[in-house]
Structure formats: C-alpha cells, structure tokens
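The listed protein sequences derive, respectively, from chains U and P. If you read the first sequence in my numbering, its first letter stands for residue 67, the second for the next number, and so on. If you read the second sequence in my numbering, its first letter stands for residue 101, the second for the next number, and so on. The beta carbon of each residue, even a glycine, is placed where N, CA and C say it ideally should be. Just so you know, these numbers come straight off a predicted model, no measurement behind them. Here is the structure we will look at.
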Amino acid sequence: MSFLPFAVAAWLFLAGLYGIVSSRSLIRAILSLTVVQSATYVVLLGVGYSKGGQAPIFADIPQTSKAVDPVVQVLVLTDVVIEATVTAMLLALAVQAHKRFGSLDPQDLRALQD
Amino acid sequence: MVLFGVAAVGFGVVLVYGLSGLPAFGHYHGVYGKVINGIGVTERHATDLVTALNFDIRGFDTLGEEFILFGSVLGVVLILRQMRGEHDRPRQHEADEHTFAGASEALRALSLAVIPAILAIGIYIVVHGQLTPGGGFQGGVILAAGPLVVFLAGRYLRMRIVAPHTLVEIGEAAGALGYALVGLSGLVLAGVFFKNFLPLGIAGHLLSGGQMDLASAAVGLEVSGAFLVAFGEFLDQAMVVSGSPRS
Chain U
67 MSFLPFAVAA WLFLAGLYGI VSSRSLIRAI LSLTVVQSAT YVVLLGVGYS
117 KGGQAPIFAD IPQTSKAVDP VVQVLVLTDV VIEATVTAML LALAVQAHKR
167 FGSLDPQDLR ALQD
Chain P
101 MVLFGVAAVG FGVVLVYGLS GLPAFGHYHG VYGKVINGIG VTERHATDLV
151 TALNFDIRGF DTLGEEFILF GSVLGVVLIL RQMRGEHDRP RQHEADEHTF
201 AGASEALRAL SLAVIPAILA IGIYIVVHGQ LTPGGGFQGG VILAAGPLVV
251 FLAGRYLRMR IVAPHTLVEI GEAAGALGYA LVGLSGLVLA GVFFKNFLPL
301 GIAGHLLSGG QMDLASAAVG LEVSGAFLVA FGEFLDQAMV VSGSPRS
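In structure tokens form, the structure reads like this:
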C-alpha cells in the first residue's frame, strides 16, 4: 500500500474542499479550510518517510541509525503556524461580518455582491 | 455542486499524474535529509534535528515565519478594533467577574492547581527543544494556555489582570525582537546572519546546541504573547464589547 498516504492526503483535500463549497456558515468554511491544509501535512510527511526510518531525534538512538527526513518536518511546523495565523485572521473577519450583516451565511453578505 | 464535481474529477486526474512522478512511499531519495541526519549531531551538538534545522540551519526562514505570526496577530487586532458605535460593556458590580456560567467551585480550585503544571510543561518544552521534540513554537502555545485556564474558571476580567493586554503585547514584541537579535548577534559576532555564536556544549546536555536555546526562548515568548493577544481580542468581542457598529 505504498500510495496510501497520498490517497489519504487527496481524500482530506477533497473532503475539505467539499466542506468549503457546501458551507452555509463562515465558521464551517474556515474549519473546512483547516482540513484542506492538513492534507499538506500528510503529503509532506509522506514524502520524507523512508522505510524503517526512525524519528530524527538522536537522543536515545545511535547517530548512525536510519531516520526520516527532518527537513519536511520543519516545513510541517511552519505549515502549522501558518494555518493557525490564517485561521485567526479569518475568524476575526467572520466576527466582523457577523457584526455588520447579522449572519454568518455567505449568501447574506450582500455588500460584497454590490 | 456540478461545478465542484467537475473540478474534483479534474483535480483527481492532475493529482494521479503528479503522484505517479513521486518516488514510492518509503523510498526516500532526498539529499538534504540524509546530509542533515548524517552531520547534524556532530556539527550542531543537538539531538533533535528538527529543532536544529528550525533555529540554526534554517534560522533565517524561521525569522520570516515569526514575523508572519507577528503580522497576522497585528491584523487580528486591527480587524477587531473598536468600531464607531461600540463601547465596553459597563461593569455593574464585582459579581460580573463570574459571568461565565457553569464554572463550579471545584472547577475553579482545579484550574488553580492546573496552572502551575501547564506553565512548567510549557517552559520544559521550550528549553528542551534541542534535545527532544519541542521548542519555542510548541512550548509557546502551551504557555499561552495557562492564562486561558483562568478564563475557564469563569473569571475573564480577572484573566485580564493576570495577562493584561499591554503586557502580552510587549511580551510578543520582545520575543520577535529577541529572535531577530539572535540573528543579528550571529552577524556581529560570527560574521554571518544567524550563524551560531555561542559555545556548542555537549550534545545531550541541557545547555547544548549553541544559540538554539536562546532562539527557542525568544520564539516561545513571541508565540505565547501572540496567542494571548489573539485570544484576548476574541474574548473581548464576546465578553466586553457591546453596541453595534454604524456602517
């Protein structure tokens, strides 16, 4: 099953995308976006995995032992930070949208359509 | 929905085409990872290579990452600023501090006991980043959870005393500045931006990895400050601000 991680990533991506297009609430759309983003973690970690590799923490394993790629793990860390910041910004916008229009339904954001 | 279906099929085709070009799962061919796994411990004296990459080898990138966090929290503050027609809800009396319903005495007592544990774990994660999984980003988030427990105990206004806006904002800014200063010190003392300028120590010891501990602490301060600023803004919206904005 060597393609399983990538299949999981594609499934996460599409599930999140479906969540965004079918959302009747901005909060749900934002949460779906985080699902889409988590697909990228799976891809990154899947790319960096090598068979039989251990975590790149050499505190209790010998230095010569085989380990997975630490570079992609750092990229995932960056990814997580970006996801947190993007989510915070979008939620703040949702709060203001709710204040102005009294609704979180994207269809009700009339001012954006004029 | 039809549009989504068509797009999903198109995406699937492109995805399969793209994935067929990747090396099979488990057969890793990247060069960087192998090089860093080979030299990381001997060159950097850190046993957690993810942190070594984050705060030393790839330190410049982390500077950018940090300022993304800083900038976006600034954005949250801007978006949630006090609009015309909004004002702080007047505080009638002292009992208003307990407006968060459902906070029992037991929950309050427990949260008091939990706060020191959370802070200890957070600091532990921050300072042991170069040895075991952890570091400034992870520890900073845990540290930010400490004052949130005060909120959970039903005392939001008290949380603003424990973590006042000005203090967490200064903390966030100091953390961001501190991380930039780590890089500048490398420029001044070692000649290259973010080049390690501290003794590397013995791998596996607490004070090893050179600048990583310093960078980790700065990032921890920045992240916990940033999260507290963002939490504070959102909680203000829910608890303090009233009135509707005039458009």
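Report the residue from the options whose alpha carbon sits nearest the alpha carbon of residue i.
i	options	result
Ala150 of chain U	U:Val109, U:Ser131, U:Ser169 and U:Gln103	U:Gln103
Ala73 of chain U	U:Phe167, U:Ala105, U:Leu141 and U:Tyr115	U:Ala105
Gln130 of chain P	U:Arg90, U:Leu170 and U:Leu111	Gln is not the amino acid found at residue 130 of chain P; the sequence shown has Gly there. The candidate whose alpha carbon is nearest that of Gly130 of chain P is U:Leu111.
Gly278 of chain P	P:Leu321, P:Gly222 and P:Leu252	P:Leu321
Ala154 of chain U	U:Thr100, U:Val113 and U:Phe124	U:Thr100
Gly235 of chain P	P:Leu335, P:Ala213, P:Lys134 and P:Ala315	P:Ala315
Val106 of chain P	U:Phe69, U:Leu70, U:Ala75 and U:Tyr84	U:Tyr84
Val250 of chain P	P:Ala274, P:Gly164 and P:Leu212	P:Leu212
Gly140 of chain P	U:Ile93, U:Gln129, U:Val87 and U:Ser88	U:Gln129
Lys132 of chain U	P:Gly138, P:Glu143, P:Val214 and P:Ile270	P:Gly138
Gly301 of chain P	P:Val292, P:Ala253, P:Ala274 and P:Leu231	P:Leu231
Ala317 of chain P	P:Leu298, P:Gly229 and P:Gly171	P:Gly229
Phe334 of chain P	U:Phe69, U:Leu92 and U:Leu157	U:Leu157
Val268 of chain P	P:Asn154, P:Gly246, P:Thr151 and P:Gly133	P:Gly246
Ile225 of chain P	P:Thr151, P:Leu298 and P:Val329	P:Thr151
Ala65 of chain P	P:Gly133, P:Glu165 and P:Leu149	The question about residue 65 of chain P has no answer here: the residues shown for chain P are numbered 101 through 347.
Leu163 of chain P	P:Gln182, P:Phe294 and P:Ile218	P:Phe294
Leu70 of chain U	U:Ile96, U:Leu97, U:Ser89 and U:Val109	U:Val109
Ala348 of chain P	P:Gly175, P:Val102 and P:Ser120	Residue 348 of chain P is absent from the model: chain P starts at 101 and stops at 347.
Given this structure, state the Cα-to-Cα distance separating residue i from residue j, to the nearest angstrom.
i	j	result
Val122 of chain P	Phe104 of chain P	Note on identity: in this sequence residue 122 of chain P is Leu, with Val being the wrong assignment. Going from the Cα of Leu122 of chain P to the Cα of Phe104 of chain P covers about 26 Å.
Pro122 of chain U	Phe160 of chain P	21 Å
Gly222 of chain P	Gly283 of chain P	24 Å
Gln120 of chain U	Leu281 of chain P	34 Å
Arg208 of chain P	Glu272 of chain P	28 Å
Ser169 of chain U	Leu78 of chain U	28 Å
Glu197 of chain P	His265 of chain P	Model confidence at Glu197 of chain P stands at a pLDDT of 48, short of 50, so the residue's coordinates are unreliable and nothing is read from them.
Ala290 of chain P	Gly310 of chain P	12 Å
Lys165 of chain U	Val177 of chain P	16 Å
Ala206 of chain P	Phe111 of chain P	52 Å
Ser347 of chain P	Leu243 of chain P	In this predicted model, Ser347 of chain P has a pLDDT of only 42, less than 50, meaning its place in the structure is not dependable; the value taken from the coordinates is given anyway. Their Cα atoms are separated by approximately 38 Å.
Leu356 of chain P	Thr144 of chain U	For residue 356 of chain P there is no data in the structure shown, the boundaries of chain P being 101 and 347.
Arg94 of chain U	Pro172 of chain U	11 Å
Ala274 of chain P	Gly118 of chain P	44 Å
Ala195 of chain P	His305 of chain P	Because the pLDDT at Ala195 of chain P is just 46, under 50, the model does not fix this residue reliably, and the point stays unresolved.
Leu175 of chain U	Ala81 of chain U	25 Å
Val214 of chain P	Asp336 of chain P	24 Å
Asn67 of chain P	Gly133 of chain P	Here chain P covers residues 101 to 347 and nothing more, so residue 67 of chain P does not appear.
Ser98 of chain U	Arg181 of chain P	26 Å
Val87 of chain U	Ala125 of chain U	46 Å
Ala76 of chain U	Ser68 of chain U	14 Å
Leu204 of chain P	Ala253 of chain P	Looking at the sequence shown, residue 204 of chain P is not Leu but Ser. Using only the alpha carbons, I get a separation of about 8 Å.
Check the C-beta distance from residue i over to residue j and give it rounded, since I have them as a contact under 8 Å.
i	j	result
Val227 of chain P	Asp313 of chain P	6 Å
Leu159 of chain U	Ile179 of chain P	6 Å
Gly118 of chain U	Asp135 of chain U	With a Cβ gap of about 14 Å, Gly118 of chain U and Asp135 of chain U do not count as contacting.
Ser308 of chain P	His145 of chain P	5 Å
Tyr107 of chain U	Val137 of chain U	About 14 Å separates the two Cβ atoms, so there is no contact after all.
Val140 of chain U	Phe237 of chain P	Actually they do not touch by this definition, with Cβ atoms about 10 Å apart.
For this session: Scan the region 256 to 314 of chain P and note each continuous alpha helix (DSSP H) run of 4 residues or more that stays entirely inside, going in chain order.
Result: Correct list: 256 to 262 and 265 to 285.
Exercise. In chain order, which alpha helix (DSSP H) runs of at least 4 residues are fully inside the region 69 to 102 of chain U?
Worked result: Whole alpha helix (DSSP H) segments, 4+ residues: 70 to 88.
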